[in-house]
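What follows is a single structure, written as structure tokens, with notes after it.
Protein chains: 2
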Amino acid sequence: MNKLDAVIKHAEQQCKTNGARLTDKRKQVLSGLVQSNKALSAYELVDYCETAFSARIPAMSVYRILDFLESEHLVHKLNIANKYVACAHISCDHAHGTPQFLICKKCSTVKEVSISQSTILELKQTVTDADYQLISPQLEINCLCAQCA
Amino acid sequence: MNKLDAVIKHAEQQCKTNGARLTDKRKQVLSGLVQSNKALSAYELVDYCETAFSARIPAMSVYRILDFLESEHLVHKLNIANKYVACAHISCDHAHGTPQFLICKKCSTVKEVSISQSTILELKQTVTDADYQLISPQLEINCLCAQCA
DNA sequence: AATAAAATGTTATGTTATAACATAACCTAT
DNA sequence: ATAGGTTATGTTATAACATAACATTTTATT
Chain A
956 MNKLDAVIKH AEQQCKTNGA RLTDKRKQVL SGLVQSNKAL SAYELVDYCE TAFSARIPAM
1016 SVYRILDFLE SEHLVHKLNI ANKYVACAHI SCDHAHGTPQ FLICKKCSTV KEVSISQSTI
1076 LELKQTVTDA DYQLISPQLE INCLCAQCA
Chain B
956 MNKLDAVIKH AEQQCKTNGA RLTDKRKQVL SGLVQSNKAL SAYELVDYCE TAFSARIPAM
1016 SVYRILDFLE SEHLVHKLNI ANKYVACAHI SCDHAHGTPQ FLICKKCSTV KEVSISQSTI
1076 LELKQTVTDA DYQLISPQLE INCLCAQCA
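Which chain is which? The protein sequence lines are A and B, in order. The numbering used here puts the first residue of the first sequence at 956, with every later residue one more than the last. The numbering used here puts the first residue of the second sequence at 956, with every later residue one more than the last.
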């Protein structure tokens, strides 16, 4: 089974478990992100669905679908780029922690990496010391990929 | 001397050293950021200059001015919020490293903090291992401030 | 089949940002 | 002092990202 099918199957299963539905359009949007090697904007996903599936999904719907996929932890929003990526661990069985992203500023390719628990703890401590409350320790780091560098 | 005057004086000196000019409009935009306790968007700065100085600066110019102030290291862009803050260290004499920001997602108040050198080194190593190249180790962390929490 | 809930469509508009070209302000060398 | 280049700002248009509000369609359940 290829990667895409495996991911979609896992995603479907996961939605079912949560009593949510992975509809055709949601599958199409998720496919776009899984197949892409880089982060895509909502409007790029509109184009992808049109091209790949002849499905004309309005931008508004894509945003809603992205919200849904995020809520199911199938997709991450990269705030520094205003783009979206599929979670790199959809078809892993183990649960996974907070993702960290290296984002190529030129071409939007993304690598989802892990930093050590101790570093995360230190960041949390820094936040606590500053009298702030952490929403998510997701880090997004501006980089250049090997290609673009 | 109050904080604002001190900052502007330092900023002026710093620009002079670099052969750059801190014009009136640039001062006004910088003032807006220094006086604000939170990050502001370019359009909020347009409003600020109108209100505070009766200076109608077009959005286009504010963006250019922000670019300039960034290039002089007087201002930081917070990419996850699409807003801008004055550098917290303009009137410090010592040079300072890469800034890290805690950003309140509700009200955009910002705290500029430092993380340990060892953490920064670990992040750099993570990036290198992933065959990426770091543009800047600036971290921006989504939080809630004490007020909003 | 009737109903309620969920998903999607539609239209309008808000927000952030840049492109392209015009004009004004300011140095600096003659 | 002024001609000519450089820097700064103005103007207009438009691109790119995002949400609000309300309508319709689809799906699941009784």
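The beta-carbon is built from N, C-alpha and C at its ideal position, and this holds for glycine as well. Quick caveat, the model's predicted, so the values are computed rather than measured.
DSSP-derived helix/strand/coil call for residue i
i: residue 1053(A); result: coil
i: residue 1064(A); result: strand
i: residue 1088(B); result: strand
i: residue 995(A); result: strand
i: residue 1009(B); result: coil
i: residue 1004(A); result: helix
i: residue 1070(A); result: coil
i: residue 987(B); result: helix
i: residue 1075(B); result: helix
i: residue 977(A); result: coil
i: residue 970(B); result: helix
i: residue 1048(B); result: coil
i: residue 956(B); result: coil
Neighbour list for residue i in chain B, Cβ cutoff strictly below 7 Å
i: residue 1105(A); result: Because residue 1105(A) is not part of the residues shown, which for chain A are 956 to 1104, the question remains open.
i: residue 1057(A); result: 1082, 1085, 1087
i: residue 1104(A); result: 1088
i: residue 1098(A); result: 1082, 1087, 1088, 1089, 1090
i: residue 1025(A); result: Residues of chain B passing the Cβ test: none, with the nearest at roughly 14 Å.
Contact set between residue i and chain A, taken where Cβ atoms lie within less than 8 Å
i: residue 906(B); result: Given that chain B is displayed from residue 956 to residue 1104, the structure contains no residue 906(B) and the question cannot be resolved.
i: residue 1077(B); result: 1070, 1071, 1074
i: residue 1035(B); result: 1034, 1035, 1095
Sub-9 Å separation of residue i and residue j beta-carbons
i: residue 985(B); j: residue 1001(B); result: no
i: residue 1080(B); j: residue 1098(A); result: no
i: residue 1024(A); j: residue 981(A); result: yes
i: residue 1045(A); j: residue 989(A); result: yes
i: residue 991(A); j: residue 1003(A); result: yes
i: residue 1030(A); j: residue 1065(A); result: no
i: residue 1058(A); j: residue 994(A); result: yes
i: residue 1092(A); j: residue 1075(A); result: yes
i: residue 1038(A); j: residue 999(A); result: yes
Which residues DSSP lists as bridging residue i, in chain order
i: residue 1031(A); result: 1040(A)
i: residue 1094(B); result: 1055(B)
i: residue 1100(A); result: 1087(B)
Euclidean distance between Cα positions of residue i and residue j
i: residue 1028(B); j: residue 1020(B); result: 12 Å
i: residue 1082(B); j: residue 1102(A); result: 14 Å
i: residue 1067(A); j: residue 1022(A); result: 20 Å
i: residue 965(A); j: residue 1047(A); result: 9 Å
i: residue 1018(B); j: residue 1052(B); result: 25 Å
i: residue 983(A); j: residue 996(A); result: 14 Å
i: residue 1090(A); j: residue 1095(B); result: 12 Å
i: residue 1056(B); j: residue 1009(A); result: 43 Å
i: residue 979(A); j: residue 974(B); result: 59 Å
i: residue 1013(B); j: residue 1005(B); result: 10 Å
i: residue 1072(B); j: residue 1086(B); result: 21 Å
i: residue 1077(B); j: residue 1078(A); result: 12 Å
i: residue 957(A); j: residue 987(A); result: 15 Å
i: residue 959(A); j: residue 1043(A); result: 12 Å
i: residue 970(A); j: residue 1033(A); result: 22 Å
i: residue 967(A); j: residue 1100(A); result: 32 Å
i: residue 1007(B); j: residue 1063(B); result: 20 Å
i: residue 1104(B); j: residue 1084(A); result: 15 Å
i: residue 1049(A); j: residue 1011(A); result: 35 Å
i: residue 1026(A); j: residue 1026(B); result: 38 Å
Partner residues on chain A for residue i, Cβ-Cβ distance less than 7 Å
i: residue 957(B); result: Result: empty, since nearest Cβ-Cβ is about 25 Å, beyond 7 Å.
Within chain B, partners of residue i - CB distance below 9 Å
i: residue 1014(A); result: Chain B residues near residue 1014(A): none, gap ~19 Å exceeds 9 Å.
Proximal residues of chain B, C-beta to C-beta of residue i below 8 Å
i: residue 1101(A); result: 1086, 1087, 1088
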